[in-house]
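Quick notes on the structure that follows.
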Amino acid sequence: MSLSSKEYRSSVILGVGSYVPDKILGNKELSLKVDTSDKWIQTRTGITERRIASIDRPTSDLAYEAARNAIADAKIEIDQIDLVIVATITPDMAFPSTACILQHRLGLGKVACFDLEAACSGFLYSLDVADGMLSSGRYKCALVIGAEKMSSIMDWQDRTTCVLFGDGAGAVILSAEGKGPELLGFRSGADGSNPTLLHQPAGGSSKPASKNTLANREHFLKMNGKEIFKSAVRVMEKATRELIAAHGLELSDVNHIIPHQANVRIVESMAHRLEIPLEKFFCNLDRHGNTSAASIPLALDEAVRNDLFVHGELVVMVAFGAGLTWSATLVRF
Ligand code: UT7
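With the first letter of the sequence shown counted as 1, position 322 gets the number 324 in the numbering used here; the numbers rise by one all the way through.
What follows is the structure, given as structure tokens:
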């Protein structure tokens, strides 16, 4: 089996960390706010509870805690970090970036900082970008974070969306040098032909905030769940197949898959289509719901803490999100 698809040295993961707020919102409590039931949510999505950040805690606050945990896990000095990327669709504000806010809070040097918006695929897109920047030789050590306060853009009157999402953050320290799990390759893509399948209609330049947009509840996330479901299965299957083929591997060579944590039925369909046993898919969506860009790093951190991966094993992380965007990453542990 061949693994080489990159001409340059792979970056390595020196440390992983995550953070979720303390407040647990269970399905039963949610069914008191909106017309739903524990049974419907569990059978249609696999979710039992999600974490919700308090009103005074913005996304940068969750990102800060996850970043601190990743830095401690990597056992690096903070001044080694020379690049910060935050993947999020719920930034503290439109600008400046959440990454800049975080830089100051963490006491980092005046290093490059920016946010990356690729919705639920944002963390894997950020790894792809950070890996490229590290491989150029111009950067040495990147803090890459997926952080979301999805509760801040939920319409708590819309049962078709508010039961699905949660808040949280996950982070990794990526380095051009050192020992750790290696990022072997990526497959990222997008199809912008149908942006309204999953979007936040107002608040941007096409529909600035107004009395009407507020009255029409257009600052909240809107989704065509059925269409997104079908696309999700299709694009994650395709990205995984292409990534594996590009490395001269077979699907059976993959030891574990960390899929975007949106709906257990999406994961089951994907496993079925790829003919990969469901046991190889790591899921924690039952306890967190869909945390968008935080979903993959949150699951990665939990898998690492549980010693799920053995040295040398191959792990695929694969996500899809609004855009539509998708991204798959191959890691050798
Ligand atoms: O990161 C990407 C983000 N998005 C996703 O991954 C979402 C992908 N889509 C999905 O996960 C699923 O499509 C949903 C979970 C959103 C919906 O599941 P579904 O099996 O596609 O349900 P549905 O939309 O076909 O709705 C079935 C019924 C409808 O009632 P009627 O018309 O059959 O009477 C809905 O009104 O279920 C109803 N329904 C609910 N009932 C109780 C929808 N949401 C709820 C709810 N509680 N929360």
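Glycine residues also receive a C-beta, built at the ideal position from the N, C-alpha and C atoms.
State yes or no: is the C-beta of R161 nearer than 6 Å to some heavy atom of the ligand UT7?
-> Here residue 161 refers to the residue found at position 159 of the sequence shown. Yes, since a heavy atom of the ligand UT7 falls inside the 6 Å radius drawn around the Cβ of R161.
6 Å Cβ shell around Y21 - same chain, five flanking residues per side excluded | Along the sequence shown, read from residue 1 onward, the residue named residue 21 stands at position 19. The residues are L64, E67, A68, A171.
Thinking C-alpha only, which one of K232, G206, S123 is nearest F188?
-> Numbered from its first residue, the sequence shown carries residue 188 at position 186. Nearest C-alpha to F188: S123.
Could you check what DSSP says for W42 in three-state terms: helix, strand or coil?
-> Taking the first residue of the sequence shown as position 1, residue 42 is located at position 40. Helix, per DSSP.
Please go through the segment 272-324 and give each complete beta strand (DSSP E) segment of 3 or more residues, from N-terminal end onward.
-> The segment 272-324 contains these whole beta strand (DSSP E) runs: 316-323.
Simplified DSSP state of F335, which is helix, strand or coil = Walking along the sequence shown from the start, residue 335 turns up at place 333. In the structure shown, F335 adopts coil according to DSSP, grouped into three states.
Cβ of A120 versus every heavy atom of the ligand NAD: is any distance shorter than 6 Å?
-> Looking for the ligand NAD in the displayed structure turns up nothing; the ligands present are the ligand UT7.
Is the segment 40-60 touching the segment 133-149, taking contact as three or more C-beta pairs under 8 Å?
-> The count of Cβ pairs closer than 8 Å, one atom from the segment 40-60 and one from the segment 133-149, stays below three, leaving the stretches out of contact.
Whose C-beta lies closer than 8 Å to the C-beta of I2 among residues of the same chain, with five residues either side of it excluded?
-> The question about residue 2 has no answer, for the chain in this structure spans 3 to 335.
Indicate, with yes or no, if the ligand UT7 has a heavy atom lying under 6 Å from the CB of W42.
-> In the sequence shown, the residue the question calls residue 42 occupies position 40. Taking 6 Å as the cut-off, one finds at least one heavy atom of the ligand UT7 near enough to the beta carbon of W42.
Does the beta-carbon distance from V235 to M272 come in below 7 Å?
-> In the sequence shown, the residue the question calls residue 235 occupies position 233. In the sequence shown, the residue the question calls residue 272 occupies position 270. Their beta carbons are under 7 Å apart, which means V235 touches M272 by this criterion.
Three-state class that DSSP yields for G148 in the structure shown = Within the sequence shown, residue 148 is the residue found at index 146, counting from 1. Strand at G148.
Enumerated in chain order, which unbroken segments of the beta strand (DSSP E) with a length of 3 residues or greater are wholly contained in the segment 102-142?
-> Entirely contained in the segment 102-142, the beta strand (DSSP E) runs reaching 3 residues are, in chain order, 114-118.
Under three-state DSSP, which class holds S4?
-> Here residue 4 is taken as the residue at index 2 of the sequence shown, counted from 1. In this prediction, S4 has a pLDDT of 47, which is less than 50 and means its spatial position is unreliable; what the coordinates show is noted afterwards. DSSP, reduced to helix, strand and coil, places S4 outside both helices and strands of the structure shown, so it counts as coil.
At a cut of 8 Å, does the segment 54-61 reach the segment 71-83 through at least three beta carbon pairs?
-> In short, these stretches do not touch, since the Cβ pair count stays below three.
Pair every Cβ in the segment 153-169 with every Cβ in the segment 207-223, then say whether three or more of these pairs are closer than 8 Å.
-> Touching, yes.
With DSSP as the reference, label S13 as helix, strand or coil.
-> Position 11 of the sequence shown holds residue 13. Reduced to three states, the DSSP call for S13 is coil.
Report buried or exposed for S4, applying the criterion of at least 16 other Cβ atoms within 10 angstroms of its Cβ.
-> Here residue 4 is taken as the residue at index 2 of the sequence shown, counted from 1. Since pLDDT at S4 reaches only 47, below the 50 mark, its modelled position is unreliable, and no value is offered.
Hey, would you say the C-beta of N71 is under 6 Å away from at least one heavy atom of the ligand UT7?
-> For this step, residue 71 is matched to residue 69 along the sequence shown. The answer is no for N71.
Give the straight-line distance between the Cα atoms of T100 and H258, rounded to the nearest whole angstrom.
-> Working through the sequence shown from its first residue, we reach residue 100 at position 98. Working through the sequence shown from its first residue, we reach residue 258 at position 256. Cα-Cα distance, rounded: 31 Å.
CB-CB under 7 Å to M156, same chain, minus the five flanking residues each way: which ones, in chain order?
-> Start at 1 with the first residue of the sequence shown, and residue 156 comes out as number 154. Result list for M156: T163, C164, F167, F222, L223, in chain order.
In the segment 139-216, which residue ranges form an unbroken alpha helix (DSSP H) of at least 4 residues, counting only runs that do not cross its ends?
-> List check, alpha helix (DSSP H) in window: 161-164.
Three-state class that DSSP yields for R219 in the structure shown = Within the sequence shown, numbered from 1, the residue matching residue 219 stands at position 217. In the displayed model, R219 falls within coil according to three-state DSSP, outside both helix and strand.
What residues in its chain sit with their C-beta under 7 Å from that of V347, if we drop five residues either side in the sequence?
-> Nothing about residue 347 can be read from this structure; the chain reaches only from 3 to 335.
Within 10 angstroms of the Cβ of L34, are there 16 or more other Cβ atoms? Answer buried if so, exposed if not.
-> The residue you call residue 34 lines up with position 32 of the sequence shown. With fewer than 16 Cβ atoms within 10 Å of its Cβ, L34 is classed as exposed.
Whether A330 touches T242 by CB criterion (7 Å) = Looking up residue 330 in the sequence shown gives position 328. Looking up residue 242 in the sequence shown gives position 240. For A330 and T242, yes; Cβs fall inside 7 Å.
Is D117 buried or exposed, if buried means 16 or more other CB atoms sit within 10 Å of its CB?
-> Here residue 117 refers to the residue found at position 115 of the sequence shown. Its Cβ being crowded by 16 or more others within 10 Å, D117 is buried.
Test item: CB-CB of I268 and A301 under 7 Å = Reading the sequence shown from its first residue, position 266 is the one you call residue 268. Reading the sequence shown from its first residue, position 299 is the one you call residue 301. Not closer than 7 Å, so no.
R53 - DSSP class collapsed to helix/strand/coil | Reading the sequence shown from its first residue, position 51 is the one you call residue 53. Here R53 sits in strand by DSSP.
Would you check whether the ligand UT7 has a heavy atom nearer than 6 Å to the C-beta of F231?
-> Translated into positions along the sequence shown, residue 231 becomes position 229. It does: the Cβ of F231 is within 6 Å (strictly closer) of some heavy atom of the ligand UT7.
Helix or strand or just coil, what does DSSP make of V36?
-> For the purposes of this step, residue 36 is identified with residue 34 of the sequence shown, where counting begins at 1. In the three-state reduction of the DSSP assignment, V36 falls in the coil class, being assigned neither a helical nor a strand state.
Report the three-state DSSP secondary structure of G227 (helix, strand or coil).
-> In the sequence shown, the residue the question calls residue 227 occupies position 225. Residue state for G227 is assigned as helix, using DSSP reduced to three classes.
Helix, strand or coil for N96, going by three-state DSSP, please let me know.
-> Taking the first residue of the sequence shown as 1, we reach residue 96 at position 94. The displayed chain sequence assigns Ala, not Asn, to residue 96. Residue state, collapsed to three classes: coil.
Three-state secondary structure (DSSP) of I73 | Along the sequence shown, read from residue 1 onward, the residue named residue 73 stands at position 71. Per DSSP, reduced to three states, the secondary structure at I73 is helical.
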